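Working notes, structure below.
There are 4 protein chains.
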Amino acid sequence: MSHPHTKLTQATPARLEAFSDGVIAVIITIMVLELKVPLHDGLAGLMAVLPTIGLYALSFAFTGVYWVNHHHLVHRTDQADERTLYANLFFLFWLSLLPFFTEYVADKKMDSFSVMLYAGSMILTGGSFGLLRLVIGRHLRETGRLEREDAAAERKHVISLLMYLVAVACSLRYPHIALAIIGLVTAVWIIPSAKVNPIEHCVDVHAARREGFDDAQTGRLQ
Amino acid sequence: MSHPHTKLTQATPARLEAFSDGVIAVIITIMVLELKVPLHDGLAGLMAVLPTIGLYALSFAFTGVYWVNHHHLVHRTDQADERTLYANLFFLFWLSLLPFFTEYVADKKMDSFSVMLYAGSMILTGGSFGLLRLVIGRHLRETGRLEREDAAAERKHVISLLMYLVAVACSLRYPHIALAIIGLVTAVWIIPSAKVNPIEHCVDVHAARREGFDDAQTGRLQ
Amino acid sequence: MSHPHTKLTQATPARLEAFSDGVIAVIITIMVLELKVPLHDGLAGLMAVLPTIGLYALSFAFTGVYWVNHHHLVHRTDQADERTLYANLFFLFWLSLLPFFTEYVADKKMDSFSVMLYAGSMILTGGSFGLLRLVIGRHLRETGRLEREDAAAERKHVISLLMYLVAVACSLRYPHIALAIIGLVTAVWIIPSAKVNPIEHCVDVHAARREGFDDAQTGRLQ
Amino acid sequence: MSHPHTKLTQATPARLEAFSDGVIAVIITIMVLELKVPLHDGLAGLMAVLPTIGLYALSFAFTGVYWVNHHHLVHRTDQADERTLYANLFFLFWLSLLPFFTEYVADKKMDSFSVMLYAGSMILTGGSFGLLRLVIGRHLRETGRLEREDAAAERKHVISLLMYLVAVACSLRYPHIALAIIGLVTAVWIIPSAKVNPIEHCVDVHAARREGFDDAQTGRLQ
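Protein chains in written order, with numbering that gives the first Met the number 0: chain A, 0 to 221; chain B, 0 to 221; chain C, 0 to 221; chain D, 0 to 221.
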């Protein structure tokens, strides 16, 4: 069977965004259903459940970072063909497994294997996001809207995936350090936006951008 | 009781889309809640849960394909009367049972009966989508926006339903082959969009379309 | 504490719709999580779960009817003040209890008390929807957009609530008949839209409307 | 790693609203999944579950009030930079824990410690909302859209947080009184909008506003 319905595929990206928002909103929220009220009363109970809450916070932050990046990526395309829709669904599939792997880690009390799976699922999520970036990036390049910032964001993503790979290796011996690495990568995505002063930012935008590139190039990727 | 509120029913399809997106987003995501962390530690545990993850992936892909097709169908109507709203709800009802039947198959360890139910629910989902296509198609025909591509998409749908019927028959003896057939049908919907080069596609659109029709006609349906 | 932030409350109804759609989409979909895979294999298992599926279908249809009516009610207002937002939340609260009362009826094997609660929750949902209609209706009246159709829809609602009251009474002795009454009321909301031919409908709109009013007035309510 | 993708961060707040609506819709609705059907039949069962339903209603109302306030806050910004997105996610994180702490209180039969956690989580949710208000308020101030009403709303928020602090202290001895205080604070947010007559309101808006400020100033905060 080939692909005859060409015109049908010229959809607006509005519904792509709406659907992705819905899926990510459910993913980020149903994870909390996996938090189980501890058996013990009082402080002992809270202490017992705190590591799981921390793990939930990590998965929440991870999903949040991807939502922000998805937002940046998608809102500039003015076209969503079938290939983009399916690449997006592929990314959402891997992301939708995060609540499961989060529960996995919590249930197995953060043992080596479960943390390895957790970090591994993040690599697959990140990889599928890279695929989506590739598909949408092609559209942007064709219409001349691919910007230097995209290259920088891509580079940051590649570094993140390499860090998750380090976390996978670490998890064999030191699962807690592996989780710390994952937390660090997430923090690196969030903290700069929190720190930067938006007013100065607007004024010194070219300086900041140049500095950003220098910084990124120090990492010597590509 | 008759139907006096005529004007009230002339609603925009925007909210129809938004609501459908919400429902499909929840359907596609809550399925993951049915993935249970295995009892065994390490690789043995992962191996035990892998078939269920595969099944989840299949249901996710099935729902994704319907979302893409729903998207194509609905975004061209500029009117959503009550009949359309209820036909849409009827489709969403059958789709919403998919997480239940997915869990059914997983719980019953993919036995004949559960796989038959699973394939059967897909026929009902597909049939109710056909009904929605009929209702919306009438609007499109009236306003002259029904295109040749719609006929091709419809034909592809009919073939898919026949394949699910084959899967139902297969499931009595060979439930795993039945699941493979379902997976194949899903792949046939996804793969062409992934393969086709959108640039050539735009240029050779008429050739591609003609080829598509020839292809479809080889199947000798209608 | 009084109410000083007047200007802040002049919100657009777009987000009211979006939020309501989200809540109703979750309500209508998470109910399926309460369907439990039966212990028995094969047909016996399906038979055991069929009444629960029927009950789920009833709750799904009930929610669907309210979504359609909510849609009709809200999309004509061009203003959503705080009072409207809270009236809407009050309605959503009662509707959000439906999955719980559906599970209640299923768990208690459709006994008298659980069916009474189920019908009772529908009266409260319907009553809170009436309140929302009152609040929004006032806006429509002020801006001269309240139509005769609204009166007809309101009358139909009052009759429905009376029928649910009959169901409550019935449930004491004949819970299954009570469920049948609830099913009948739901069907009366859905069937006319399915039957009526939209083409004739557009032509004979005035005749149909007049007929509708005569019909409704035969019921002699108000 | 610095922050080179400046242009990418200039997103519209539409998707921020859509995503927040999705998350809040899921939060407010999945709480009902924690309501367990009681073991006892008849009225005894309903009585046993009523306190939990009341608790659910309280958490629903709390979330509803935050949705309304979030709505007021966000719909006036015309810009959503990364800092706003992350401040919003931080708020949604704390709000997403509410279903967990609601279940906590229900499971622990409203004991001192669980009620303290519940009130404590409300302070953290309120605090993170204050942070979001700060971030967005800065944008509003820069573009001259910060209004006197914002100050009043902020003051009301600070008072609410202080009341939750009183509830935390109360919970050590009288958890039920602590819950009553939380209920009172929620009622104070909802009732004025329900009482005020919108028609008079529009006419006497300046009087009402002045009165509002006087009222608030009686509280002597700031």
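The beta-carbon is built from N, C-alpha and C at its ideal position, and this holds for glycine as well.
Small disclaimer: the values here were computed from a predicted structure and weren't measured.
- DSSP places Met46(C) inside the alpha helix (DSSP H), whose first and last residues are Gly41 to Val73.
- The beta carbon of Leu123(C) sits closer than 6 angstroms to those of Trp93, all from its chain and outside the five residues before and after it, given in chain order.
- Along the region 17–30 of chain A, going in chain order, the ones with a CB nearer than 7 angstroms to a CB of chain B are Ala17, Phe18, Gly21, Val22, Val25, Ile26 and Ile29.
- Residue-level contact by beta carbon holds for Glu81(C) and chain D, with a gap shorter than 8 angstroms.
- When rounded, the separation of the alpha-carbon atoms in Gly21(A) and Ile26(B) is 11 angstroms.
- Contact between Ala79(C) and Pro12(C) holds, with the beta-carbon distance rounding to 4 angstroms and staying under 8 angstroms.
- The contact set of Ile189(A) on chain D, defined by CB atoms closer than 8 angstroms, consists of Tyr85 in chain order.
- Nearest neighbour of Val73(D) by Cα position, chosen from Phe59(D), Phe90(D), Ser58(D) and Ala60(D), turns out to be Phe90(D).
- Secondary structure note for Leu91(C): its alpha helix (DSSP H) is the uninterrupted segment Glu81 to Ser95.
- Pairwise C-beta distances place the region 55–62 of chain C in contact with the region 177–187 of chain C, as three or more of them are shorter than 8 angstroms.
- Separation of Ile190(C) and Ala168(C) (C-alpha to C-alpha, rounded to the nearest whole angstrom) is 25 angstroms.
- A residue is called buried once 16 or more other Cβ atoms fall within 10 Å of its Cβ, and Ala105(B) is buried on that count.
- Close to Ser120(B), with beta-carbon spacing below 8 angstroms, lies no residue of chain C; the smallest spacing is near 11 angstroms.
- Not a single CB atom of chain C sits nearer than 8 angstroms to the CB of Asp77(D).
- Short of 8 angstroms from the beta carbon of Met109(C), and not among the five residues preceding or following it, lie these beta carbons of its own chain, in chain order: Pro50, Leu54, Pro174, His175 and Leu178.
- The beta-carbon of Val114(A) is placed no less than 8 angstroms from the nearest beta-carbon of chain D.
- A Cβ-Cβ contact shorter than 8 angstroms links Ser95(B) with Val31(C).
- If you ignore the 5 residues before and after Leu15(B), its C-beta comes within less than 8 angstroms of the C-beta of Val73, Ala79, Thr83, Leu84 and Asn87, all in its own chain and listed in chain order.
- By the CB criterion at 8 angstroms, Gly129(B) and Asp149(B) fall outside the cutoff.
- Among the residues of chain B, those whose CB is under 7 angstroms from the CB of Phe99(A) are Val31 and Leu34, following chain order.
- For Thr124(A), the enclosing alpha helix (DSSP H) begins and ends at Ser111 to Glu141.
- Here His70(B) is buried: its Cβ has 16 or more other Cβ atoms, across all protein chains shown, within 10 Å.
- For Thr28(B), the enclosing alpha helix (DSSP H) stretches over residues Pro12 to Ile29.
- Residue state for Tyr173(D) is assigned as coil, using DSSP reduced to three classes.
- Of the candidates Trp188(D), Leu45(D) and Thr28(D), Leu45(D) places its Cα closest to the Cα of Ser113(C).
- Taking a contact as a CB-CB distance under 8 angstroms, the pair Leu160(A) and Gly125(A) counts as one, their CB atoms being some 5 angstroms apart.
- Relative to the Cα of Thr142(B), the nearest Cα in the group Lys35(B), Asp77(B), Phe99(B) and Leu34(B) belongs to Asp77(B).
- Against chain C, a Cβ distance below 7 angstroms from Leu178(B) picks out nothing, because the smallest value is about 17 angstroms.
- Sixteen is the threshold: since fewer than 16 other Cβ atoms of the shown chains lie within 10 Å of the Cβ of His39(A), the residue is exposed.
- In terms of beta-carbon proximity, Arg132(D) stays away from the interface with chain A, with every pair separated by 8 angstroms or more.
- Nearest to Pro37(B) by alpha-carbon distance, out of Tyr103(A), Glu153(A) and Lys155(A), is Tyr103(A).
- Interface residue (Cβ-Cβ distance to chain A less than 8 angstroms): Asp40(B) is classified as such.
- Taking a Cβ-Cβ cut-off of 8 angstroms, the neighbours of Ala56(D) in chain C comprise Phe92, given in sequence order.
- Counting other Cβ atoms within 10 Å of its Cβ, Arg140(C) stays below 16 and is therefore classed as exposed.
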